[in-house]
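Novice: Please read through the structure below; I'll follow up with questions.
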Amino acid sequence: MTGSYSLGLMTWRDLDIYLEAEGLTEQTFFELGKDIDSLLRPVKMSFRNERIAKTKGLPVGLYWGIYLGDEKKGSWKIDLWALSDKECEERLRFCNQIAKRITPESKMKILEIKSVCWTDPLYRKFYTSNDIYTAVLEKHAHDVESFRIYLQNKLSV
Numbered sequence: 385m386t387g388s389y390s391l392g393l394m395t396w397r398d399l400d401i402y403l404e405a406e407g408l409t410e411q412t413f414f415e416l417g418k419d420i421d422s423l424l425r426p427v428k429m430s431f432r433n434e435r436i437a438k439t440k441g442l443p444v445g446l447y448w449g450i451y452l453g454d455e456k457k458g459s460w461k462i463d464l465w466a467l468s469d470k471e472c473e474e475r476l477r478f479c480n481q482i483a484k485r486i487t488p489e490s491k492m493k494i495l496e497i498k499s500v501c502w503t504d505p506l507y508r509k510f511y512t513s514n515d516i517y518t519a520v521l522e523k524h525a526h527d528v529e530s531f532r533i534y535l536q537n538k539l540s541v
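And the structure:
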């Protein structure tokens with residue numbers, strides 16, 4: 385487990401899971417997807433091959449986005465990444481670096497901002513939780529309004 389759950393910053397039901405799986409084939413990953421479908425009965429699953437796409441900011445690996453219902457109504461979403469040992473280590477190190485910088489005060493600011501932003505239609509398309517963490521921990525955003533100013537400046541560059 386990683387992400388907002390491991391940081392104590394969850395504001396909605398979204399779990400990020402890294403599966404350290406050096407050399408996992410796409411076929412085996414799809415078999416895992418079949419097992420997930422049988423066990424959890426998701427309403428939707430989306431696949432990404434980021435070994436090929438290599439989208440900026442995303443891990444290099446295989447991905448299942450698992451939706452157990454309408455997340456806006458409280459259902460769980462699970463992000464499952466199958467990563468190489470090196471990629472997994474880098475991603476976990478990044479999360480641990482954020483964890484070391486969070487204070488009780490910054491935690492409250494982040495939770496306040498995230499609790500408002502997660503329902504924003506622009507969230508995930510143009511910005512993520514990492515932008516919120518950066519705004520609070522590095523750019524001294526202290527509320528939703530100062531975060532929006534940070535975001536406007538970032539997106540207009």
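For the sequence shown, the working numbering gives the first residue as 385, with consecutive numbering after it. Note that CB positions come from ideal geometry on N, CA and C, so glycine has one too.
With distances taken between CB atoms, is the gap from leucine 467 to proline 488 smaller than 8 Å?
Specialist: The count along the sequence shown starts at 1 and reaches residue 467 at position 83. The count along the sequence shown starts at 1 and reaches residue 488 at position 104. Not in contact: leucine 467 and proline 488 (Cβ atoms no closer than 8 Å).
Novice: Only counting the same chain, and skipping five residues up and downstream in sequence, which positions put a Cβ closer than 7 Å to that of arginine 435?
Specialist: Position 51 of the sequence shown, counting from 1, holds the residue named residue 435. Answer for arginine 435: Val444, Gly445 and Leu446, listed in chain order.
Novice: Glutamate 471 by DSSP, collapsed to three states: which one?
Specialist: Counting from 1 along the sequence shown, the entry for residue 471 is found at position 87. It is helical.
Novice: Specify the secondary structure class of isoleucine 450 as computed by DSSP and reduced to three states.
Specialist: Here residue 450 is taken as the residue at index 66 of the sequence shown, counted from 1. The answer is strand: DSSP assigns isoleucine 450 an E or B state.
Novice: Report all residues from its chain with a CB closer than 7 Å to the CB of lysine 498; omit the five preceding and five following residues, and keep chain order.
Specialist: In the sequence shown, counting from the first residue as 1, residue 498 sits at position 114. Hits under 7 Å: Leu393, Thr395, Ser513 and Ile516.
Novice: Please name the residue or residues paired with tyrosine 507 in a DSSP beta bridge.
Specialist: Position 123 of the sequence shown, counting from 1, holds the residue named residue 507. Note: tyrosine 507 sits in a beta bridge opposite Tyr511.
Novice: How would you call arginine 477, buried or exposed, if buried means at least 16 neighbouring beta carbons within 10 angstroms?
Specialist: The residue you call residue 477 lines up with position 93 of the sequence shown. Classification of arginine 477: exposed, given that the 10 Å Cβ count is below 16.
Novice: Which of helix, strand or coil does DSSP assign to alanine 466?
Specialist: Your numbering for residue 466 matches position 82 in the sequence shown. Here alanine 466 sits in strand by DSSP.
Novice: Does arginine 475 pass the burial test, meaning 16 or more other C-beta atoms within 10 Å, or should it be called exposed?
Specialist: As a first step, residue 475 must be located in the sequence shown, where it is residue number 91. It counts as buried.
Novice: Of all the options Leu521, Phe510 and Pro505, which has the alpha carbon lying nearest to the alpha carbon of glutamine 536?
Specialist: Numbered from its first residue, the sequence shown carries residue 536 at position 152. The option with the nearest alpha carbon to glutamine 536 is Phe510.
Novice: Can you tell me whether serine 459 is helix, strand or coil according to DSSP?
Specialist: Taking the sequence shown and counting its residues from 1, the one referred to as residue 459 is at position 75. Residue state, collapsed to three classes: coil.
Novice: Output needed for cysteine 472: all residues of its chain with C-beta closer than 6 Å, excluding positions within five of it in sequence on either side, in chain order.
Specialist: On the sequence shown, residue 472 is found 88 positions in, with the first residue counted as 1. These residues qualify, in order along the chain: Tyr402 and Glu404.
Novice: If you run the structure through DSSP and keep just helix, strand and coil, what is glutamate 434?
Specialist: Translated into positions along the sequence shown, residue 434 becomes position 50. Residue state, collapsed to three classes: helix.
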